[in-house]
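For reference, the structure discussed in these notes is given below.
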Amino acid sequence: MKRFLLALIFVSGSALGQVSVDKPWARATAPGAKVAAGYMVLQNKGAAADRLVGASSPAAARVELHVHLHEGGVMKMREVPGYDVPAGGSFELKPGGAHLMFMDIKRPFKEGEKVPVKLKFEKAGEVSAEFHVGRL
Ligand SMILES: [Cu+2]
Numbered sequence: 004m005k006r007f008l009l010a011l012i013f014v015s016g017s018a019l020g021q022v023s024v025d026k027p028w029a030r031a032t033a034p035g036a037k038v039a040a041g042y043m044v045l046q047n048k049g050a051a052a053d054r055l056v057g058a059s060s061p062a063a064a065r066v067e068l069h070v071h072l073h074e075g076g077v078m079k080m081r082e083v084p085g086y087d088v089p090a091g092g093s094f095e096l097k098p099g100g101a102h103l104m105f106m107d108i109k110r111p112f113k114e115g116e117k118v119p120v121k122l123k124f125e126k127a128g129e130v131s132a133e134f135h136v137g138r139l
């Protein structure tokens, strides 16, 4: 019986995943802006790779995963289906690189506010984070 319980604890522990979110923040928006960008560092302390596959927030109609690309000397943004977070490693979303794009925001993001976001990982499932709104 004791061995059975230990096995259960081990299984539920590993199913939860080992992903955490460091320093989530979003940029304040100019009046009338319809989109906002969010950044964070995804840490994976687990032994298996995981993948961020989606995000949502009550502050925006939808949240997309974007990357920046240089195409013919022009900086462009493109939506991607996910970000890989390697086992024992991290993935950084930062200005000029990968970012969450809040689409059709309901009102401007003001410095000092917090924006709740739900992140969906392939293995870790749903992880909640509060994005602190920084400077414009
Ligand atoms: Cu974008």
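Mapped onto this note's numbering, the consecutive letters of the sequence shown carry residue numbers 4 to 139. Here a beta-carbon is modelled for each residue, glycine too, at the ideal position from N, C-alpha and C.
- In the DSSP assignment, the residues bridged to Lys-123 are Gly-57 and Glu-129.
- A distance below 6 angstroms between beta-carbons, with the five flanking residues on each side excluded, links Ala-50 to the following residues of its chain, in chain order: Ala-90.
- Placement of the Cβ of Met-80 at a distance of less than 7 angstroms from at least one heavy atom of ligand 1 is found.
- Of the other Cβ atoms in all chains shown, 16 or more fall within 10 Å of the Cβ of Asp-53; this residue is therefore buried.
- Of the candidates Ala-62, Val-120, Glu-125 and Pro-27, the residue whose Cα lies closest to the Cα of Val-88 is Glu-125.
- When DSSP states are grouped into helix, strand and coil, Gly-137 belongs to the strand group.
- Proximity to His-71 across Val-24, Tyr-42, Pro-27 and Trp-28 peaks at Tyr-42, based on C-alpha coordinates.
- Apart from sequence neighbours up to five positions away, the residues of its chain that approach Glu-67 with a beta-carbon distance below 7 angstroms are Glu-82, Met-104 and Met-106, ordered along the chain.
- Nearest to Ala-64 by C-alpha distance, out of Ser-131, Val-136, Gly-128 and Val-120, is Val-120.
- Per DSSP, the unbroken beta strand (DSSP E) holding Arg-81 starts and ends at 77-82.
- Following the DSSP letters along the chain, one finds Gly-41 inside the beta strand (DSSP E) bounded by residues 38-47.
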